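These notes are about the structure you will find just below.
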Amino acid sequence: MKALEPWVAAPLETFLAESAARLALIMTSSGQVVAQHGFGRSLDVMTAAALGAGIVASTEELARLMGAARFEALVHNGQRQSCLLAGFTTPRGRWIGLVVFGPETSVGLVRLFFDQMVGQLAVAAPREPATAPPLAEHFETELNASLKALFGR
Amino acid sequence: MTEDIRALTARLAEEPGSLAFLELAEALRRRGQLEPAYKVARGGLTRYPSLADAHDLMARVLSDQGDLAGAFEAWTSALQLDPMRTSALKGIAFLYYRAGDAGAAVAHLERALEVEPDDASIRQALVRLGPEARRAHRDAPGTGEAAAAAPPDGPADWGRDPGRGTSRREDTAAAAAAPPPAGPAGPFGAVGAEAGLLLVDTGGMRLGGRLEGDETAAGDRVAAQLAGVSREAARATRLLGLGTWEVIAVESPDGHLALAPATADTVVLAARPTTLPVGRVMLLAERAARAAAEWLERQT
Amino acid sequence: MTATQTALDRVTRVPGVRGALVVAAADGLVVADQLMDGVDGQAAAALAGSLVGRLARTAESAGLRPPAFIQLRGASGSVLAAPGPDDLVLVAVVGPEANLGLARLEMIGAAGRLA
Numbered sequence: 001m002k003a004l005e006p007w008v009a010a011p012l013e014t015f016l017a018e019s020a021a022r023l024a025l026i027m028t029s030s031g032q033v034v035a036q037h038g039f040g041r042s043l044d045v046m047t048a049a050a051l052g053a054g055i056v057a058s059t060e061e062l063a064r065l066m067g068a069a070r071f072e073a074l075v076h077n078g079q080r081q082s083c084l085l086a087g088f089t090t091p092r093g094r095w096i097g098l099v100v101f102g103p104e105t106s107v108g109l110v111r112l113f114f115d116q117m118v119g120q121l122a123v124a125a126p127r128e129p130a131t132a133p134p135l136a137e138h139f140e141t142e143l144n145a146s147l148k149a150l151f152g153r
Numbered sequence: 001m002t003e004d005i006r007a008l009t010a011r012l013a014e015e016p017g018s019l020a021f022l023e024l025a026e027a028l029r030r031r032g033q034l035e036p037a038y039k040v041a042r043g044g045l046t047r048y049p050s051l052a053d054a055h056d057l058m059a060r061v062l063s064d065q066g067d068l069a070g071a072f073e074a075w076t077s078a079l080q081l082d083p084m085r086t087s088a089l090k091g092i093a094f095l096y097y098r099a100g101d102a103g104a105a106v107a108h109l110e111r112a113l114e115v116e117p118d119d120a121s122i123r124q125a126l127v128r129l130g131p132e133a134r135r136a137h138r139d140a141p142g143t144g145e146a147a148a149a150a151p152p153d154g155p156a157d158w159g160r161d162p163g164r165g166t167s168r169r170e171d172t173a174a175a176a177a178a179p180p181p182a183g184p185a186g187p188f189g190a191v192g193a194e195a196g197l198l199l200v201d202t203g204g205m206r207l208g209g210r211l212e213g214d215e216t217a218a219g220d221r222v223a224a225q226l227a228g229v230s231r232e233a234a235r236a237t238r239l240l241g242l243g244t245w246e247v248i249a250v251e252s253p254d255g256h257l258a259l260a261p262a263t264a265d266t267v268v269l270a271a272r273p274t275t276l277p278v279g280r281v282m283l284l285a286e287r288a289a290r291a292a293a294e295w296l297e298r299q300t
Numbered sequence: 001m002t003a004t005q006t007a008l009d010r011v012t013r014v015p016g017v018r019g020a021l022v023v024a025a026a027d028g029l030v031v032a033d034q035l036m037d038g039v040d041g042q043a044a045a046a047l048a049g050s051l052v053g054r055l056a057r058t059a060e061s062a063g064l065r066p067p068a069f070i071q072l073r074g075a076s077g078s079v080l081a082a083p084g085p086d087d088l089v090l091v092a093v094v095g096p097e098a099n100l101g102l103a104r105l106e107m108i109g110a111a112g113r114l115a
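Top to bottom, those sequences are chains A, B and C.
Each residue of the first sequence is one higher than the one before, counting from 1 in the numbering used here.
Each residue of the second sequence is one higher than the one before, counting from 1 in the numbering used here.
Each residue of the third sequence is one higher than the one before, counting from 1 in the numbering used here.
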């Protein structure tokens with residue numbers, strides 16, 4: 001497990017231990033990676049972050065058009081593994097969690113401990129505002145810096 | 001032949017595989033018809049060798065017939081199948097008392113009282129045995145649960161029923177003299193039964209015990225499935241505000257399972273046929289867990 | 001009234017029962033519930049679903065057919081589960097004072113009619 005923000009590490013570690021999830025990615029709503037577990041290649045995490053952020057943005061817009069509340073979570077059930085994608089609010093803004101899990105656990109357990117992690121992140125988040133909100137023109141630079149930190153290369 | 005015996009006989013004739021033999025043999029025994037009672041009990045025991053009630057019944061019949069060694073063996077078998085069977089504990093206590101070993105009688109009655117603290121008959125029996133016997137029991141070496149659970153041999157002066165010799169239960173004398181299947185050295189020594197009990201660690205490794213009729217294979221498979229069960233149970237009770245977990249009971253149409261934590265890292269599984277009520281299997285698991293915890297402490 | 005609602009009504013009428021749920025066992029998700037305040041249905045469904053699955057596998061390993069009833073007893077109450085058809089499980093969260101025997105009978109009876 002690697003986290004760019006150290007206060008994210010403990011709640012994410014607990015979530016991973018309790019839910020038995022295989023992969024997890026925490027990112028901002030713009031797709032900037034905050035923490036990851038289980039991804040082996042930077043390309044995968046980059047692609048997953050971009051797609052996850054895009055899907056959440058699309059569904060939230062769809063909900064807005066339909067006059068519905070935000071979708072809490074999306075679950076794709078697969079034969080060998082499933083995927084949960086959920087947006088959540090933190091003191092640092094809107095974040096997204098992408099979780100891949102297998103038949104050794106259940107969507108109920110993953111949701112339960114994901115919700116607990118969200119609560120723990122809200123408590124653990126530093127009170128001071130984020131130093132610099134991600135800007136579009138810095139996105140690529142920040143993404144590369146994030147990937148370097150997350151994968152150590 | 002009275003009406004109830006006639007009705008029970010008819011029922012057993014219609015359904016030879018039913019448990020009607022228990023009532024019939026007991027009714028015959030109460031009327032002093034001991035030989036027919038023995039035959040009915042023996043037939044039932046042949047069909048249901050793992051039914052504690054059948055062994056208990058056989059013990060009562062044999063005791064009435066004066067075959068005290070046979071009765072002791074039958075009650076010991078009942079206790080191996082159901083270590084908290086107070087009728088068997090009381091029966092063995094009675095046999096020890098008759099043989100003049102009041103200390104051993106007290107040990108068994110005290111264990112019976114532990115299982116059923118509201119049973120007035122046990123209290124009365126202890127009172128009848130008197131304070132000296134209880135003191136003798138406390139002062140005697142080897143007293144305690146292990147001694148009460150599975151006596152290594154029967155009272156010394158039991159004679160065989162001269163009319164029967166050893167034909168009824170040929171191995172009775174040998175069985176009575178043999179050490180119990182699970183000595184105090186095993187994790188469940190204090191419970192008096194190793195079969196149908198498993199001690200498993202958090203990694204799903206079997207530390208002791210075995211399933212009935214199986215030496216390793218099924219026991220190891222079951223143990224593997226139990227990896228992490230203690231953690232999962234603890235998590236469930238904690239998150240649902242139910243405190244620490246104490247026991248899990250599983251009722252299948254084929255048998256009952258009960259799980260209880262022995263230590264933070266180990267769990268005990270008790271497996272019994274459905275003839276033993278699930279509540280009793282839960283008590284057995286908890287008792288076995290306490291015994292296993294003590295055993296584990298002695299190992300370190 | 002649906003079979004599910006009937007089942008929940010029967011179980012929650014038993015003294016000491018704090019809540020009852022019908023759970024999709026494999027997913028650990030709530031299908032229907034009747035819960036008192038303070039009972040976390042999401043947690044009960046997820047945790048009971050997982051435990052039922054594990055204990056069913058344990059029973060199978062021991063050569064037994066799937067469980068008809070499961071009880072997890074804690075110091076301050078119990079979780080009861082009665083598997084029914086279609087991978088549904090009737091779950092109840094009960095206090096330490098509950099009539100467990102009655103709850104068990106009601107749950108086994110009701111679980112068989114879930115669909």
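Ideal placement from N, C-alpha and C gives every residue a C-beta, glycine not left out.
Predicted model only: the values in this text are computed from it and were never measured.
With 16 or more other CB atoms across the displayed protein chains lying within 10 angstroms of its CB, Gly41/C is buried. Contact between Ala24/A and Val99/A holds, with the beta-carbon distance rounding to 5 angstroms and staying under 8 angstroms. Across the structure, Leu19/B and Lys39/B are spaced so that their CA atoms are roughly 15 angstroms apart. Phe101/A places its beta carbon less than 7 angstroms from that of Arg22/A. Within 10 angstroms of the beta-carbon of Gln79/A lie fewer than 16 other beta-carbons, which makes it exposed. In chain B, no part has a C-beta under 9 angstroms from the C-beta of Leu105/C; the shortest such distance is about 12 angstroms.
In the DSSP assignment, Thr202/B falls outside any beta strand (DSSP E), carrying neither H nor E. Here Ala233/B is not near Leu90/C, since their CB atoms are 7 angstroms or more apart. Within the same chain, and ignoring the five residues on either side of Val52/C in sequence, the residues whose Cβ sits closer than 7 angstroms to its Cβ are Ala25, Ile70, Ala81, Pro83 and Val89.
Excluding the 5 residues flanking it on each side, Leu197/B has same chain C-beta neighbours closer than 6 angstroms at Phe188, Gly209, Ala270 and Ala288, in chain order. A contact between stretches requires three or more CB pairs, one per stretch, nearer than 8 angstroms, and the stretch 62 to 73 of chain B fails this requirement with the stretch 100 to 116 of chain B. Within the stretch 42 to 89 of chain A, the runs of alpha helix (DSSP H) that reach at least 4 residues and sit entirely inside it are, in chain order, 42 to 66.
Excluding the 5 residues flanking it on each side, Tyr48/B has same chain C-beta neighbours closer than 6 angstroms at Ala54, in chain order. Taking the CA atoms as reference points, Arg10/C sits about 10 angstroms from Leu102/C. Among the CB atoms of chain C, one or more fall inside 7 angstroms of the CB of Gly108/A. Legend: CB atoms of the stretch 35 to 46 of chain C lying less than 8 angstroms from CB atoms of chain B belong to residues Gly38, Val39, Asp40, Ala43 and Ala44. One thing to note: Val106/B has its Cβ within 7 angstroms of the Cβ of Leu129/B. The shortest C-alpha to C-alpha distance from Lys90/B to any of Asp82/B, Thr76/B, Arg221/B and His108/B is the one to His108/B. Residue contact check for Leu121/A against chain C: no CB pair falls below 7 angstroms. Interface residue (Cβ-Cβ distance to chain B less than 7 angstroms): Gly53/C is not classified as such.
In the DSSP assignment, the residues bridged to Met27/A are Val33/A and Ile96/A.
One thing to note: Leu239/B has its Cβ no nearer than 7 angstroms to the Cβ of Ala92/C.
The beta-carbon of Arg18/C is placed no less than 7 angstroms from the nearest beta-carbon of chain B. The three-state reading of DSSP puts Arg13/C in coil, since its state is none of H, G, I, E or B. Assigned with DSSP and collapsed to three states, Pro131/B falls in helix. Inclusion of Ser252/B and Ala59/C in the CB contact set at 7 angstroms is warranted, their separation being smaller than that value. With respect to Ala86/A, Gly97/A sits close: the two C-beta atoms are nearer than 7 angstroms.
DSSP places Val30/C within a strand segment (E or B) once states are collapsed to three.
As summarised for the stretch 201 to 276 of chain B, the continuous beta strand (DSSP E) elements at least 3 residues long and confined to that stretch are 206 to 210, 245 to 252, 255 to 263 and 266 to 272, given in chain order. For Thr105/A and Met36/C, the gap between their C-alpha atoms comes out near 27 angstroms. In the DSSP assignment, Ser87/B falls within the unbroken alpha helix (DSSP H) covering Thr86 to Arg98. Counting only runs that start and end inside the stretch 23 to 82 of chain C, the beta strand (DSSP E) elements of at least 3 residues fall at 29 to 35 and 69 to 74.
As computed with DSSP, Ala195/B is found in a beta bridge with Arg210/B. Following the DSSP letters along the chain, one finds Ala92/C inside the beta strand (DSSP E) bounded by residues Leu88 to Val94. When DSSP reads this structure, Ala20/C sits in a beta bridge with Gln34/C and Ala92/C.
Among the bridge pairs identified by DSSP, Phe101/A is matched with Ser82/A.
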